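Remarks on the structure that follows.
In the numbering used here, the protein residues as written are 6 to 359.
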């Protein structure tokens, strides 16, 4: 029988949440952290788990079959690669790495060893995003035309990365997941207000253009008066707003749109536009979406993939696509906002393994 134990590497602010979930799911076998104070706290809280500062001690343990990597982003590639070479399935927090080449290296290593590699794009496990994906795939919204995402707050200001790298991975992963494809061009414009000397952008406007004409606009900032976590999905039949800050009724489906667009192909005169186009203001529907903790769903999905061999929803291949968008966005920022073309990936985004 395959080893069922899971080790968490990095038990800081976010890592402690993964430790808690693995313990509640009765799969926690080990915890590794460089801080002696953290190790002491973990040993008191989880006496059945092996707590150590030596990663090799956990990688050499035959009872541990999977490792969750929650260390600083600069060490994601190093630690995840060591775990894969030790024959462990790996969950690594986003981003998968800091370069496309390092991310692709992890994907290749996992594929060669038939190991599961999953990346912590948490929003893909949010019940509202899952509902949106089902609705889009079923055609309930009609043809999706564009997405508009806001991720704004006052803080947390980072000095090691700009607002795009800090905040946009959430919305990039959701956009690619909902549309089922990767963009062909990325444009980014950023503005430095708090850290002008170091050139770290506090506000970034990111545009993703897809080959079929669809688009996604992402606005991220840690210099904004209100905390906003909102996604608008505009379809030809219906439009949806997902407001993650709402205490209830997070998703609102609006029967709004413009009828008669398909007739514009016959190039009417200006006088006929009003006759052809009809603005539709229909009802607003609040769907019942049972809520659950996305992190718990994410952890359960990782264990399911480890146990069954199923490809994770947020696997390494899709995570590298997110990384490509971020890297292209950075190139566009540094070039003053010029569009940057992305090379198509062989096979595009890969769906779950049957």
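We put the beta carbon where it would ideally sit given N, CA and C, even for glycine. The model shown is predicted, which means the values in this text are computed figures rather than measured ones.
Within the model, the alpha-carbon separation for residue 230 versus residue 156 is close to 12 Å. In the structure shown, residue 296 falls within a coil segment according to DSSP collapsed to helix, strand and coil.
Distance check between residue 237 and each of 217, 259, 218, 126 places 259 closest, using alpha-carbon atoms only. Runs of the beta strand (DSSP E) lying entirely within the stretch 103-170 and spanning at least 3 residues, in chain order: 122-125, 149-159. A distance below 6 Å between beta-carbons, with the five flanking residues on each side excluded, links residue 119 to no residue of its chain. Counted as a single uninterrupted DSSP element, the alpha helix (DSSP H) harbouring residue 83 occupies residues 81-90. Residue state for residue 44 is assigned as helix, using DSSP reduced to three classes. Between the alpha carbons of residue 139 and residue 145 lies a distance of about 9 Å. DSSP places residue 230 in the strand class (E or B) of the three-state scheme. In the structure shown, residue 196 adopts extended strand secondary structure according to DSSP, grouped into three states. Counting other Cβ atoms within 10 Å of its Cβ, residue 320 reaches 16 or more and is therefore classed as buried. Close CB contacts of residue 305 within its chain, under the 8 Å cut and outside five residues either way in sequence, are with 30 (chain order). Rounded to whole angstroms, the gap between the alpha carbons of residue 54 and residue 323 is 32 Å. The beta-bridge partner set that DSSP reports for residue 98 consists of 125.
Leaving aside the five residues that flank residue 264 on each side, the residues in its chain whose CB is nearer than 6 Å to its CB run, in chain order, 283, 285.
Counting the other Cβ atoms within 10 Å of the Cβ of residue 298 gives fewer than 16, which makes it exposed.
Checking the DSSP bridge columns, you'll see residue 37 partnered with 14, 57.
Across the set 42, 256, 309, the C-alpha of 309 shows the shortest separation from the C-alpha of residue 96. The way I'd put it, the stretch 182-189 does touch the stretch 206-216; three or more beta-carbon pairs between them come closer than 8 Å. Under the three-state reduction of DSSP output, residue 215 falls in the coil class, being neither helix nor strand. In the structure shown, residue 342 adopts coil according to DSSP, grouped into three states. When rounded, the separation of the alpha-carbon atoms in residue 16 and residue 127 is 18 Å.
Assigned with DSSP and collapsed to three states, residue 70 falls in strand. With contacts defined as CB atoms closer than 9 Å, residue 74 and residue 64 fail to qualify as a contacting pair.
According to the DSSP assignment, residue 20 belongs to the alpha helix (DSSP H) that extends over 20-29. Residue range 283-290 is occupied by the beta strand (DSSP E) that includes residue 284. Per DSSP, residue 184 has no beta-bridge partner at all. Note on geometry: alpha-carbon atoms of residue 56 and residue 82 lie some 22 Å from one another. Secondary-structure assignment with DSSP links residue 313 through no beta bridge to anything.
Secondary structure at residue 262: strand, using DSSP grouped into helix, strand and coil.
Look at the beta carbons and you see the stretch 88-108 touching the stretch 325-332: at least three pairs across the two are nearer than 8 Å.
Distance from the Cα of residue 66 is smallest, within the candidate group 20, 8, 24, for 8.
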